[in-house]
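Following: one structure in structure tokens, then a few remarks.
2 protein chains.
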Amino acid sequence: MNNDLPKGFRAGAAAANFRKPGRDDLGLIVSDRPCVLAGMFTQNLFKAAPVQICQEILASYGTARAVLANAGQANACTGEEGLANCRETQRMAAELTGLEAHEILPLSTGVIGPQLKMDLWRETLPTLVQSLGSRDAEGFTRAFMTTDAFPKFASRELNLAGGTVRLTVMAKGAGMICPNMATMLCVALTDAAVERQQWQAMFGRAVEQTFNRVSVDGDTSTNDTILGLANGASAVEASSPADLALLEDALTAILAQVAHMLVKDGEGAKKVIHITVTGAPTEADARTAARSVGHSQLVKTAIYGGDANWGRIITAVGYSGIRVDPAAVSLKLCGIERFRQGQPVNDHLEPELTEALKADNIPVEICLGSGPGSYSFQASDLGHEYVSLNADYRS
Amino acid sequence: MNNDLPKGFRAGAAAANFRKPGRDDLGLIVSDRPCVLAGMFTQNLFKAAPVQICQEILASYGTARAVLANAGQANACTGEEGLANCRETQRMAAELTGLEAHEILPLSTGVIGPQLKMDLWRETLPTLVQSLGSRDAEGFTRAFMTTDAFPKFASRELNLAGGTVRLTVMAKGAGMICPNMATMLCVALTDAAVERQQWQAMFGRAVEQTFNRVSVDGDTSTNDTILGLANGASAVEASSPADLALLEDALTAILAQVAHMLVKDGEGAKKVIHITVTGAPTEADARTAARSVGHSQLVKTAIYGGDANWGRIITAVGYSGIRVDPAAVSLKLCGIERFRQGQPVNDHLEPELTEALKADNIPVEICLGSGPGSYSFQASDLGHEYVSLNADYRS
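Residue numbers (my numbering), protein chains in the order written: chain B, 446 to 840; chain Y, 446 to 840.
In structure tokens, the structure reads:
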């Protein structure tokens, strides 16, 4: 499948040199007609200026026509001046594109604190708007990368009763990734025609099943935003229960695909830990236990080092705060059972386990008892590359 | 001040070669008379066998005469066999010392999962008991070190109305350190005579003010235990309100001294982050915010790298879950205000801040508003040394 955007969307990118020279750090997507908008945003108390403005647009209009994204500057913790600057970037882009300012969704990522370099915005926006025209997802995606090791995007087509529609998802994120939200920035586009409330509802469910179940470092950023724009340019309606179910399945699948790319690129991550908890009293308990394991520095460093130190996994379950009977708990690491009903087992399989831990994908299966609650979660490991990237991110 | 134990206590150590040959990994402290016992234990659901047995002794007897500690094997997640093994080590030590088994408090630290190597215990315990006699705190402390870079102990004397009493605290812990508990293992000894309930009460308060306010990696282990033994061998009673207050002050001060050593030695830590939160709606809110900052991988790596990336601190406050007005929040890093009432300030002091971040102790002062709640907390940074130590701890 190629990387074309859905019908009616065009993309562009330009280099404003916000932080690192010689790379695109400003991206724009424009739809040739209004899009029905869905959005989910960071739960962080300190919401970046662009997050606040996207939330305004979603609440007041529910539609949009463009996404304006930048890397290098988060425009977070920037107070009133930050909000005014963000509105000014919308206004300038509106003037250049002929859109209304409130049709332009701002997304920012980068260092927290500094005010936007407005002179660079003023200089570069005309070039950015002139660059519009590409149907390719990669250029826009590259423009909002920060510490990402690779661009993250995917497209797929699906056949509804009325014809074929297309979905494209573009995301950035490698650090500060945690539920809720799992990514700093993500844009999902489709040319299907879908009713606004149904789009937001399926979007929320799909994000909960995918992006909210991955973690790199447990830090939920000030800027995390995921937007869904459906412009209907395919002239194919998704309105029957069957078509809506097909669209939701495809949306969930493509978001899962991109979410896996995020955790795989967890800053400096080498491995992805796939945590499955079953047998919990409730799904909430299963989620608490899974996240506790996925956030444990000691588990993440052990997996990074290929150390079969399974006791750290049990320890993280134990301090997660859930209440279960320790004597009912079992654990498989890489498919090998090492803890059964509260007792260590299969000591002699340690060499096999050590060998299995060399893989890139590490399954961790925890059974907490006989309850109905289950949850799955993906986390990255924690290694030297993470420390190197984050000890001096800004320089 | 020398490193002598309080009156009536003797210590010994021996090398059982549980994990690393050529070092002492078994330690014993014996009091010449019964001690009043205080204890606090891990909140982890999976309590190691020795933790369960210490809890039994505290609940059933409230007194003890000896502490038997080992490194290299945690005896955690070891089921019924682990409990039986732990009781067998008590029984063997009782036979060799003439004490009752229930007078001997077991402490274990090391790898989770493997059963105790009982043959090595059997072989080494006679040597250990023969080694008893030292009045020095260091030998015992070295015997229960694991990844500790240095032994952690302190002594002090204080004058009560009836004469001088002595306090000695010995602790191990560098990884898996988090509230509650802050250390894996800690033993506090005094020769003061103090009533049992008063001793436990002051002990609980002193631990809450000290050990429960430090963090290395947020992982609360299966084995965390802190014991207080008061044998009265000085013949000086602490019973008047004035004397009890003096003893509690001294206990709090010495525990704070050792807790600082723990966080300073946070596995591979170079720096200690001193987080103070004020102006919170409640103390609980202040604690939640302080711990969120102290546990943030992104804050810890930035401090490690000397990066003045203060936005990560604000971010960690923002996702901590507390509810405050972002526009009322201010932050000083190394005494330099960078965020005031929700707005960034003092950009031009960045060079001074970068210079100040080279220090070993990094003050972080967060004001959340005008509420009465405050809390202070110490956390270690996160660097390459932590990853190296923990990626392959067992080999």
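Note that CB positions come from ideal geometry on N, CA and C, so glycine has one too. Because the structure is a prediction, the values reported are computed rather than measured.
Rounded to the nearest angstrom, the gap between the Cα atoms of ASN520 (chain Y) and LEU813 (chain Y) is 43 Å. Neighbours of ALA804 (chain Y) across chain B, judged by C-beta separation under 7 Å, do not exist; the nearest C-beta is about 16 Å away. Against chain B, the CB of THR723 (chain Y) has no partner CB under 9 Å away; the residue lies outside that interface. DSSP lists B:THR723 and B:SER775 as the beta-bridge partner residues of CYS812 (chain B).
Within the same chain, Cβ atoms closer than 6 Å to the Cβ of SER815 (chain B) are found at GLY724, the five residues on either side in sequence being excluded. Residues of chain B with a Cβ closer than 7 Å to the Cβ of PRO771 (chain Y) are, in chain order, LEU490 and PHE491. Interface annotation for the segment 802 to 830 of chain B against chain Y: LEU827, GLY828 and HIS829, criterion Cβ-Cβ distance under 8 Å. The beta carbon of ILE498 (chain Y) sits closer than 6 Å to the beta carbons of CYS531 and PRO551 from its chain, once the five residues preceding and following it are set aside; these are given in chain order. Following the DSSP letters along the chain, one finds GLU782 (chain B) inside the beta strand (DSSP E) bounded by residues 781 to 785. By the rule that beta-carbons nearer than 9 Å mark a contact, ASP564 (chain Y) does not touch chain B. Against chain B, the CB of GLY787 (chain Y) has a partner CB under 9 Å away; the residue lies at that interface. Distance between HIS719 (chain B) and ALA687 (chain B), taken at the CA atoms: about 31 Å. The alpha carbon of PRO796 (chain Y) has as its nearest neighbour, out of Y:GLU810, Y:GLN786, Y:ILE811 and Y:LEU778, the alpha carbon of Y:LEU778. Secondary structure in the segment 550 to 623 of chain Y: the beta strand (DSSP E) runs of 3 residues or longer, each lying completely within the stretch, are 597 to 605 and 608 to 617 in chain order. Here LYS597 (chain B) is not near THR613 (chain B), since their CB atoms are 9 Å or more apart. Taken in chain order, the complete beta strand (DSSP E) segments of 3 or more residues contained in the segment 677 to 761 of chain Y are 717 to 725.
Taking each of B:LYS452, B:ALA836, B:VAL681 and B:VAL738 in turn and checking the Cα distance to ASP581 (chain B), the smallest one comes out for B:LYS452. Rounded to whole angstroms, VAL717 (chain Y) and HIS829 (chain Y) show a C-alpha spacing of 15 Å. With the criterion set as a beta carbon lying under 9 Å from some beta carbon of chain Y, the members of the segment 504 to 522 of chain B are ALA519, ALA521 and CYS522, in sequence order. Taking a cut-off of 8 Å for Cβ pairs, the segment 505 to 514 of chain B and the segment 477 to 489 of chain B touch, as three or more such pairs fall below it. In the displayed model, THR508 (chain Y) falls within a strand according to three-state DSSP. In the DSSP assignment, GLN823 (chain B) falls within the unbroken beta strand (DSSP E) covering 818 to 825. In the DSSP annotation of this structure, the continuous segment of the beta strand (DSSP E) that includes PRO479 (chain B) starts and ends at 471 to 486.
At least one CB atom of chain B sits nearer than 9 Å to the CB of ASN754 (chain Y). For THR667 (chain B), the neighbours in chain Y by C-beta distance under 8 Å run, in chain order, GLY756, ILE759, THR760 and GLY763.
Your pair SER600 (chain B) and ASP449 (chain B) checks out as a contact, with CB atoms roughly 7 Å apart and the cut at 8 Å. Straight across, the Cα-Cα distance linking ARG464 (chain Y) with TRP566 (chain Y) is about 13 Å. From the listed residues Y:GLU640, Y:GLU526, Y:MET647 and Y:GLU548, the smallest Cα separation to LYS562 (chain Y) is found for Y:GLU526. One alpha carbon belongs to ARG468 (chain Y), the other to LYS492 (chain Y), and they sit about 27 Å apart. The criterion of a C-beta distance shorter than 9 Å is satisfied by LEU605 (chain B) and ALA683 (chain B). Counting along the chain, the unbroken alpha helix (DSSP H) around THR534 (chain B) starts and ends at 524 to 542. Neighbourhood of GLY673 (chain B) in chain Y, by CB distance below 9 Å: empty, with the nearest CB roughly 23 Å away. In this structure, ASN515 (chain Y) places its C-beta atom within 9 Å of the C-beta atom of GLY472 (chain Y). Here ALA460 (chain Y) carries a coil assignment [DSSP, helix/strand/coil]. Secondary structure note for LEU798 (chain Y): its alpha helix (DSSP H) is the uninterrupted segment 795 to 801. For the segment 724 to 755 of chain Y, the set of positions with a beta-carbon nearer than 7 Å to some beta-carbon of chain B reads SER741, GLN742, LEU743, THR746, ALA747, TYR749, GLY750, ASP752, ASN754 and TRP755 in chain order.
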